[in-house]
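Here's the structure, in structure tokens; my notes come after.
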Amino acid sequence: MKSFLNISKVLLVIITFALSTSAMAQRQGGQRNNGPRIPNEQQIEKMIQELEKELSLSEEQSIKVQAVYTAHFKKMEEKTKNGRPDREEMQEMRADFEKDVNEHLTKEQQVAHAKLLEERRQQRKQKR
């Protein structure tokens, strides 16, 4: 009888653990519906370093593009504080952001940048 109770307790613990792990996994997955995380200053710097390599940005371009990125993500943070902005507003903000970045790029860099953005969009779609 004691061994039956011990086995029952062990099974109960295992089932409880399995259910709690499943619930935690669902909660984490659900957080993606809130939209992408806003990058911090170090992440923005990393993005700019990648752009420097991929677009051969000059030092002056890097500084200006980083300022555009920083301003854009601060604006995004403000807009998302009270929930997610509507789709049209987000698309407008993205278009303004891309236009502002392009103001600091040469024509060749603009073409390469547009291609890079499209590749990244496709990668994000595949992850979904």
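Here our numbering is used: position 110 in the sequence shown is 110, and no number is missing along the way.
Cβ coordinates follow ideal geometry from the N, Cα and C atoms, glycine included.
Treat the numbers as computed from the prediction; the structure is a model and nothing was measured.
Judged by DSSP in its simplified three-state form, Thr106 adopts coil rather than helix or strand. Note on geometry: alpha-carbon atoms of Met90 and Arg84 lie some 9 Å from one another. In this structure, Ile38 is the residue among Val111, Ile7, His113 and Ile38 with its C-alpha nearest to the C-alpha of Ala71.
At a Cβ-Cβ threshold of 8 Å, Leu55 and Ala114 do not count as neighbours. Sequence-distant Cβ neighbours of Gln61 in its own chain, meaning closer than 6 Å and more than five residues away, are His104. DSSP places Ser58 in the coil class of the three-state scheme, outside both helix and strand. Within the same chain, Gln110 come within 6 Å of Asn102 by CB-CB distance, once the 5 residues on both sides are set aside.
The Cβ atoms of Met93 and Lys75 lie closer than 8 Å to each other.
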